[in-house]
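Encoded as structure tokens, the structure appears first; notes follow it.
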Amino acid sequence: MIKKRSLGILFLFFVSVSFAQQLNTVKLDSLFAVLEAKNKYMGSIAVRENGKIIYTKAVGKVDIGLKQKVTTATKYRIGSITKMFTSCLIFKAVEENKLTLDKTIDVYFPSVPNANKITVGNLLNHRSGIYNFTNSGEFMSYYTQPKTEAEMVAIIAKSKSVFEPNSKADYSNSNYVLLSYILEKVYKKPYKEILSEKIV
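Okay, here's the thing in structure tokens:
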């Protein structure tokens, strides 16, 4: 009988794989030992079978300078990987008639420069002209500290537009932070709950 298992990388991505034999944990341990020795991988791994985790492994360092090793309970900053989920959730909101791509963001963020000209679609495709807050010299002074929506919107709103909305494209993390807040507003739930319900 072929059993279905799933391999979770960073406890976030689950890839379904079918195995015709028992899971060889010795070989997996050996593989991850080689990857770790050659500095080719860092992260946490979980293999799940029929809803039950049957193998876990942690490889690499949380802090290279302090030589602090990761564990299977380590939480990772996943950064721009979340953009895929955010864009998917935005399109789900569009499918559910909770949002339209041509809706301007002034109803949500009136303090953001050009908010009355910037659409949800502009945020999605980086054509908003909103300054990328991670380019600011101040970013490194607070990037590990939790921020409220009001604090983040204030940070984003204080910078002038880089260009006229929809005149060109330029990557900006600010766009996707604002999209995540829009999702929370239209679903009236925290982002993590929306992600769990709609995707995970």
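Heads up, the final residue of the sequence shown is numbered 205 in this note's numbering, and it's a clean run with no missing numbers.
We put the beta carbon where it would ideally sit given N, CA and C, even for glycine.
Just so you know, these numbers come straight off a predicted model, no measurement behind them.
Nonlocal neighbours in the same chain, by C-beta distance under 7 Å from residue i, ignoring five residues either side
i, result
"L17", "Any reading at L17 must be qualified, since the residue scores a pLDDT of 36, below 50, and its modelled position is unreliable; the value itself is stated next. I83, listed in sequence order."
"V191", "A98, K103, L104"
"N127", "S133, P170, N171"
"S92", "L129"
"E202", "none"
"E154", "Y186"
"K152", "none"
Nonlocal neighbours in the same chain, by C-beta distance under 8 Å from residue i, ignoring five residues either side
i, result
"I59", "R10, L28, V52, R53"
"L15", "Note that L15 has pLDDT 39, beneath the 50 cutoff, so the model's placement of it is unreliable and the number below is only indicative. Correct list, in chain order: G48, S49, Y81, I83."
"V158", "F114, S116, V117, L183, Y186"
Range of the contiguous alpha helix (DSSP H) that encloses residue i
i, result
"E41", "30-42"
"G84", "Careful: G84 lies outside any alpha helix (DSSP H) and carries neither H nor E."
"E189", "178-192"
"A78", "Note, A78: premise wrong, no alpha helix (DSSP H); not H, not E."
"V158", "154-162"
"E202", "196-203"
"F144", "144-147"
CB contact flag (residue i, residue j, <8 Å)
i, j, result
"I161", "F138", "yes"
"I187", "F90", "no"
"V206", "Y136", "Nothing can be reported for residue 206: it is not among the residues displayed for the chain, which extend from 6 to 205."
"T109", "T87", "no"
"L184", "I95", "yes"
"E41", "V64", "yes"
"K165", "P118", "yes"
"K57", "L33", "no"
"D111", "N121", "yes"
"H131", "N180", "yes"
Per DSSP, cross-strand counterpart(s) of residue i
i, result
"T105", "According to DSSP, T105 bridges with nothing at all."
"T124", "T109"
"K74", "K66"
"K57", "E54"
Residues near residue i in its chain [Cβ-Cβ closer than 6 Å; skip 5 each side]
i, result
"T30", "Y60"
"E198", "none"
"Y46", "L40, V64"
Taking 8 Å as the threshold, find out whether the region 58-78 comes into contact with the region 173-188 through three or more Cβ pairs. Judged by Cβ distances under 8 Å, the region 58-78 makes no contact with the region 173-188, as fewer than three pairs qualify.
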